[in-house]
Amino acid sequence: MTSEAIFVTIFASLISGLFGVLISFKFYERLEKRKLRIETAKKLIGGRFNLASNEFNIAMNEIFVVYADCPEVMTAMTNFWEILQVPREQRSDKVVNDKLLALLKTVCSNSGITHSKDINDDFFLRTFNGNGNPVSSKHGV
Numbered sequence: 001m002t003s004e005a006i007f008v009t010i011f012a013s014l015i016s017g018l019f020g021v022l023i024s025f026k027f028y029e030r031l032e033k034r035k036l037r038i039e040t041a042k043k044l045i046g047g048r049f050n051l052a053s054n055e056f057n058i059a060m061n062e063i064f065v066v067y068a069d070c071p072e073v074m075t076a077m078t079n080f081w082e083i084l085q086v087p088r089e090q091r092s093d094k095v096v097n098d099k100l101l102a103l104l105k106t107v108c109s110n111s112g113i114t115h116s117k118d119i120n121d122d123f124f125l126r127t128f129n130g131n132g133n134p135v136s137s138k139h140g141v
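Residue numbers for the sequence shown follow UniProt numbering, so the first one is 1 and each next one is one higher.
Right, here's the structure in full:
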C-alpha cells in the first residue's frame with residue numbers, strides 16, 4: 001500500500017468520524033431543545049388556573065429564552081402580558097382567556113405537542129382542583 005493510499009484512508013476516516021459527530025450533535029441539540037420546550041409547556045399549562053402561582057410565573061419567565069426563535073410564541077406572550085398590565089376591573093375576562101388560549105396553543109404547537117380533534121379550546125381553559133372537581137377558568141384571571 002502506498003503512502004498516498006494510507007493518507008487517503010486516514011483522511012476519509014477522520015472526515016467520516018467528524019461528519020458523524022456533527023450529525024449526532026445536531027440531533028442531540030434538537031432533542032434537548034424539544035425536551036426543554038415540553039417542560040416549559042407543562043409548567044405553563046399546569047399553572048394556568050392560578051396566574052400568581054410560582055410554577056406559572058417561572059414558565060412565563062422561561063418563554064423568552066426557550067422560544068426566542070419562535071416569533072409566534074413571542075407575539076402571543078407579549079399580547080398576554082400586555083392584557084395583564086391592564087387593571088383587573090378594566091379588562092375583559094374573555095379577552096384575558098382568549099390571549100391565554102392563544103399563548104397555550106402556540107406554545108403547544110411550537111413544542112411539537114399535537115392534540116386530537118376531540119380536544120377543543122375548552123380543554124385548554126378547563127382545570128381541575130385538588131379534590132377532583134372541575135373548575136373552569138372562564139370566570140376570569
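Ideal Cβ placement from N, Cα and C applies to all residues, glycine included.
Keep in mind that this is a model prediction, so the values were computed, not measured.
{"Query": "For chain C, is any of its Cβ atoms less than 8 Å away from the one on residue 64?", "Result": "Among the chains of the structure shown, chain C does not appear; only one protein chain is present."}
{"Query": "If I measure Cβ to Cβ from residue 80 and keep anything under 7 Å in the same chain, skipping five residues before and after, which residues do I get?", "Result": "99, 100, 103"}
{"Query": "So residue 113 packs on residue 63, CB below 8 Å; how close in whole Å?", "Result": "Rounded, the Cβ-Cβ distance is 15 Å, inconsistent with contact."}
{"Query": "How would you call residue 125, buried or exposed, if buried means at least 16 neighbouring beta carbons within 10 angstroms?", "Result": "buried"}
{"Query": "Taking the straight line between their C-alpha atoms, what separation do you get for residue 18 and residue 4?", "Result": "21 Å"}
{"Query": "Helix, strand or coil: which one does DSSP assign to residue 138?", "Result": "The pLDDT assigned to residue 138 is 47, lower than 50, so where the model puts this residue is not dependable, and the model offers no usable value."}
{"Query": "Indicate the three-state DSSP secondary structure (helix, strand or coil) for residue 126 in the structure shown.", "Result": "strand"}
{"Query": "Judging by CA-CA distance, which residue of 21, 107, 49, 82 is the nearest neighbour of residue 128?", "Result": "49"}
{"Query": "Have a look at 31, 86, 73, 118 and flag the residue whose alpha-carbon is nearest the alpha-carbon of residue 44.", "Result": "73"}
{"Query": "Hey, which unbroken runs of the alpha helix (DSSP H) at 4 residues or more fall wholly within the UniProt domain \"DUF6680\" (7-107)?", "Result": "54-66, 71-84"}
{"Query": "Excluding sequence positions up to five away, which residues of its chain have a Cβ less than 7 Å from the Cβ of residue 46?", "Result": "55"}
{"Query": "Could you tell me the distance, in whole angstroms, from the CA atom of residue 85 to the CA atom of residue 96?", "Result": "11 Å"}
{"Query": "Distance check for residue 8 and residue 116, CA to CA, integer angstroms please.", "Result": "53 Å"}
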